[in-house]
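Following the UniProt record's numbering, the numbering of the sequence shown begins with 1 at its first residue and continues without gaps.
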Amino acid sequence: MGFRCAEGLDAESLSESILDELKSEGIDINNLVGQGYDGASVMNGKLSGVQERIRRKIPQTLYVHCFAHRLNLVIVETVKSVVPVVDFFAVLQSSYNFLSGSHIHKQWIKWQQKMYPKARVVEFKGMSDTRWASQVRTVGAIRKRFHCFVEFFRHIDTNDDNRDRALNARGLLSQLDQTFIYCMLLMDEVLTSANLQIHCRVLIWVIYEQQI
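Written out as structure tokens, the structure reads:
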């Protein structure tokens, strides 16, 4: 539908922004029957959250906790109970921290360009519990560039004059074992599946709206 810069992050400002955006699109807000957000108190607060403020104006708009966010929460809590997978994401986060340093990042870009001269450079991003399903891109990126990843860490370990960086690279390299590879393949499949489910829900909703 569109994006709007929020004038404020409080419940009153957000609820007014939502209603103003709907009105600007020519939508009769009295026809609304539901609303869905994440679990943040400013959004789902029962006394003065966004959902309650909108429901006061449009009583039939029942609030449903966003299914995409609920799926994210399920994945987060499930993953936290599997130690090898927790370790896998910890290594990914540590690798991201290492690669994001200005000196190393420049080398990492050049190393990719050397190994894959005709391919686009792949960037890694940090982990986030609140947007867990979106991490499919990070896991997919490491899977796509795993060989390059390993060779780059070996290069830093062997050739970097800064021995602190070299030892960090060696430590990360030692974590890229069979368990890491298994978790990488597993989580790529799990997160891709979760991401597809979220997009399917959005697609179904868009088709439903167009039919109306």
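Heads up, the beta-carbon is just placed ideally off N, CA and C, and yes, glycines get one too.
These numbers were taken from a predicted model, which means no experiment stands behind them.
Inter-residue Cα distance where the pair is residue i and residue j
i	j	result
T192	R137	9 Å
F67	Q51	16 Å
residue 250	N30	This structure does not reach residue 250, given that the chain is present from 1 up to 212, and the question cannot be answered.
V145	Y96	Per the sequence presented here, residue 145 reads as Arg, with Val not at that position. One C-alpha to the other measures close to 13 Å.
D10	V42	7 Å
G36	D164	48 Å
S94	Q113	23 Å
K80	D38	20 Å
V82	R120	33 Å
H65	Q107	44 Å
Y116	E151	13 Å
V122	K23	40 Å
Y63	N72	18 Å
P84	V76	14 Å
M127	Q135	7 Å
H69	N159	44 Å
H105	L32	48 Å
E21	K46	23 Å
H147	A40	40 Å
W111	H155	10 Å
Sequence-distant residues of the same chain with beta carbon closer than 6 Å to residue i, five excluded per side
i	result
M187	V139
E209	Note on E209: pLDDT 43, under 50, position unreliable in the model; the coordinate value appears next. Closer than 6 Å at the Cβ level, and outside the excluded window around E209, lies no residue.
Contact set for residue i: own chain, Cβ-Cβ below 7 Å, skip 5 residues either direction
i	result
V202	Because V202 sits at a pLDDT of 42, beneath the cut-off of 50, its placement in the model cannot be relied upon, and the point is left open.
F180	F88 and V91
L176	V150
S48	A11
D157	A166, A169, R170 and L173
Local Cβ density within 10 Å of residue i, reported as buried at 16 or more and exposed below that
i	result
C183	buried
S174	exposed
D28	exposed
H103	exposed
Q178	exposed
G101	exposed
Closer than 8 Å to chain D by CB, residue i
i	result
L99	In the structure shown, chain D cannot be found, because there is only a single protein chain.
Contact set for residue i: own chain, Cβ-Cβ below 8 Å, skip 5 residues either direction
i	result
S17	R4, A6 and E7
R53	A11, E12 and S15
D161	none
L19	I29, I54 and K57
W205	With a pLDDT of 40 at W205, under the threshold of 50, the modelled position of that residue is not reliable, and the figure given next carries that caveat. There are no such residues.
V190	I75
N44	Y37, D38, V50, Q51, Y63 and H65
V86	V79 and K80
L185	R143
Anticipated Cβ contact below 8 Å, residue i with residue j, distance rounded
i	j	result
T61	G34	6 Å
residue 294	F124	Absent from the structure is residue 294, since the part of the chain shown begins at 1 and ends at 212.
A169	F149	With a Cβ gap of about 11 Å, A169 and F149 do not count as contacting.
L167	F98	Actually they do not touch by this definition, with Cβ atoms about 11 Å apart.
Residue ranges of each alpha helix (DSSP H) run of no fewer than 4 residues wholly in the region 48-95, ordered along the chain?
50-57 and 67-79
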